[in-house]
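I have placed the structure first, in the form of structure tokens, so that the comments after it can refer back to it.
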């Protein structure tokens, strides 16, 4: 039997390994499938057919799955195939198309044989044109005329310098000078005009040269795909090309709005997406899905290399540098984000609030989620960010104020926000608005559903903190060994000028830490127990009994800094001698906080840093 005919039967019966199309085989219900195969000595012949399609003109985008650094695009082609082998050639695909990601799917009575992708090399770019030749010729002509004019001006100057009274009568002097002046004026005017013409030609030559060397609009559409399809009979089919391109991104950003004039602590979080694409193909009226996962390529589980120990020669003492000569690392550079200009407009009470189109979660899992933008969107290929609102969320938040008045008496407002929604929050910039006014910019960390995050809300000028000058005293005791005791009293005043109470204000301060056994530091007020430096690196049974908080009355408590952290280590509390006053402040009221400590040392000792 003819091998070509056997292969044709194999294709018709759907025995190829790459068949992705649904098709129908007519056979008798009472007889086996092989009974429908008619053996003949004259196999049918099929003429090969080539169909060329342009990506932008002959197809439409039916789906875009956008990731953080690339996009998966689905293009649908509707075409008519002839009976037999068809080569469907698709041109004008994006130049950045990742060929290994291309796959073909379809619908119709046909079978896909093979898929090939290649880049169409651009024809040689002409370096000259008829217009450029004319411009160059004109430039050369004007340059020669300018050179002649400059020589004429030089000759005229030379002639005037050669005149003397012996060869020029006085009666002719006036006439000669007038003629020389007229000639010089004419030559200067001609020189100026020629220079202007030369500058204009230089600009035109530069524009024409840029036009010749600038890539054409189709430079970003240089890929082509060739799909081999066998059709048992002529008919209409649909072919979908699915490919990945890297020149498309989306990033999350947020608007966070806080109303401080309400008793209930809540924030409105507006979740937005900035979509940018520069793939070479416009996305006109396409369904868009935003993916929170990030595709990875070639990522494997890391391996551990052997960790070997051996005994070696001790290092030379001359190579050991004292710790004092090691320079400290440079401080990190601070980068301040520019504050955009924001205009707030309050709508009239009679005007309804305009609804904002939001996405919905089309799928979610333990690792990632997919946001589907409602309706169809259009994103031009311009490399500019186009913003879409994913969702507006009303989230519960616990407001708190924190200040370090010893360094800066300003109060920093912060919110502990619970993500009670089903949306996964990606890392992104956030613009903070408090009572309708722009306050600051911050960054939101990655947050999963039912997870909390801290959101700094900027400075609150309505909370005024005064760090009064410290009061100092000194006493001396002892008969044989004189001991000097220095007493310090630091008063802090907090004034809440708001019309609502502050529920949680944290004031962070410190007392000195002794680095010498001759110096003893005692915390007098608040009466928190000081840790023992001698057991800093050991496990003590008293760690669990250490007093972490002390009530000072009127809703004021004192604690060691870090005691309210979720994962704090009790053994480290108070080692740096930092402590907090945690309090609430009624509306339009003031409170006073008092920090007292003593420093005892030998009378003749010079205490550095006191």
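Residue numbers (the working numbering): 16 to 625. By construction, the Cβ of each residue, glycine as well, lies at the ideal position given by its N, Cα and C atoms.
First and last residue of the uninterrupted alpha helix (DSSP H) at residue i
{"i": "residue 256", "result": "Careful: residue 256 lies outside any alpha helix (DSSP H), inside the beta strand (DSSP E) at 250 to 260."}
As assigned by DSSP and simplified to three states, the class of residue i
{"i": "residue 156", "result": "helix"}
{"i": "residue 637", "result": "A question about residue 637 goes unanswered here, because the residues of the chain that appear run from 16 up to 625."}
{"i": "residue 624", "result": "coil"}
{"i": "residue 574", "result": "strand"}
{"i": "residue 355", "result": "Low per-residue confidence applies at residue 355: pLDDT is 37, beneath 50, and the placement is therefore not dependable enough to give any value."}
{"i": "residue 237", "result": "coil"}
{"i": "residue 197", "result": "helix"}
{"i": "residue 290", "result": "strand"}
{"i": "residue 533", "result": "coil"}
{"i": "residue 595", "result": "strand"}
{"i": "residue 176", "result": "helix"}
{"i": "residue 80", "result": "strand"}
{"i": "residue 569", "result": "coil"}
{"i": "residue 580", "result": "coil"}
{"i": "residue 186", "result": "helix"}
{"i": "residue 217", "result": "helix"}
{"i": "residue 212", "result": "helix"}
{"i": "residue 169", "result": "helix"}
{"i": "residue 161", "result": "helix"}
{"i": "residue 270", "result": "strand"}
{"i": "residue 37", "result": "Below a pLDDT of 50, predicted positions are generally treated as unreliable, and residue 37, at 42, falls in that range; no measurement from the model is reported."}
{"i": "residue 203", "result": "helix"}
{"i": "residue 563", "result": "coil"}
{"i": "residue 326", "result": "coil"}
{"i": "residue 540", "result": "strand"}
{"i": "residue 120", "result": "strand"}
{"i": "residue 276", "result": "coil"}
Close beta carbons around residue i, own chain, < 7 Å, minus the five adjacent residues each side
{"i": "residue 539", "result": "611, 612, 613"}
{"i": "residue 22", "result": "Only weak support is given to the placement of residue 22: the predicted model assigns it a pLDDT of 46, under 50, and the question is left unresolved by the model."}
Residue i versus the options, residue with shortest Cα-Cα distance
{"i": "residue 235", "options": "243, 125, 419, 260", "result": "260"}
{"i": "residue 71", "options": "419, 216, 607, 294", "result": "294"}
{"i": "residue 428", "options": "273, 99, 306", "result": "273"}
{"i": "residue 545", "options": "315, 584, 623, 592", "result": "592"}
{"i": "residue 411", "options": "244, 149, 436, 77", "result": "436"}
{"i": "residue 513", "options": "541, 492, 478", "result": "478"}
{"i": "residue 104", "options": "83, 131, 615, 588", "result": "131"}
{"i": "residue 404", "options": "268, 468, 498", "result": "268"}
{"i": "residue 97", "options": "243, 408, 601", "result": "243"}
{"i": "residue 265", "options": "220, 283, 290", "result": "290"}
{"i": "residue 237", "options": "213, 323, 108", "result": "108"}
{"i": "residue 594", "options": "496, 285, 421", "result": "421"}
{"i": "residue 465", "options": "136, 524, 434", "result": "434"}
{"i": "residue 480", "options": "426, 328, 196, 146", "result": "426"}
{"i": "residue 95", "options": "80, 79, 65, 119", "result": "65"}
{"i": "residue 251", "options": "197, 124, 316", "result": "124"}
Extent of the continuous beta strand (DSSP E) to which residue i belongs
{"i": "residue 498", "result": "498 to 511"}
{"i": "residue 466", "result": "It is not in any beta strand (DSSP E) - residue 466 carries neither H nor E in the DSSP assignment."}
{"i": "residue 401", "result": "401 to 419"}
{"i": "residue 448", "result": "443 to 449"}
{"i": "residue 607", "result": "605 to 617"}
{"i": "residue 586", "result": "It is not in any beta strand (DSSP E) - residue 586 carries neither H nor E in the DSSP assignment."}
{"i": "residue 87", "result": "86 to 96"}
{"i": "residue 427", "result": "423 to 433"}
{"i": "residue 300", "result": "298 to 301"}
{"i": "residue 130", "result": "126 to 134"}
{"i": "residue 483", "result": "Segment: none, residue 483 is in no beta strand (DSSP E) and carries neither H nor E."}
{"i": "residue 520", "result": "517 to 525"}
{"i": "residue 68", "result": "64 to 69"}
{"i": "residue 455", "result": "452 to 459"}
{"i": "residue 295", "result": "Run containing residue 295: none; DSSP gives neither H nor E here."}
{"i": "residue 386", "result": "384 to 387"}
Close Cβ partners of residue i (< 6 Å) along its chain, the five nearest in sequence each way excluded
{"i": "residue 191", "result": "none"}
{"i": "residue 392", "result": "303"}
{"i": "residue 489", "result": "501"}
{"i": "residue 597", "result": "521, 572"}
{"i": "residue 527", "result": "536"}
Nonlocal neighbours in the same chain, by C-beta distance under 8 Å from residue i, ignoring five residues either side
{"i": "residue 605", "result": "508, 509, 510, 511"}
{"i": "residue 309", "result": "82, 83, 84"}
{"i": "residue 92", "result": "68, 73, 74, 103, 105, 253, 254, 255, 256"}
{"i": "residue 617", "result": "496, 497, 498, 499, 533"}
{"i": "residue 286", "result": "267, 269, 404, 405, 406, 407, 408, 438, 440"}
{"i": "residue 193", "result": "none"}
{"i": "residue 217", "result": "154"}
{"i": "residue 578", "result": "563, 564, 588, 595"}
{"i": "residue 342", "result": "At residue 342 the pLDDT is 47, less than 50, meaning the model places this residue with poor confidence and gives no usable figure here."}
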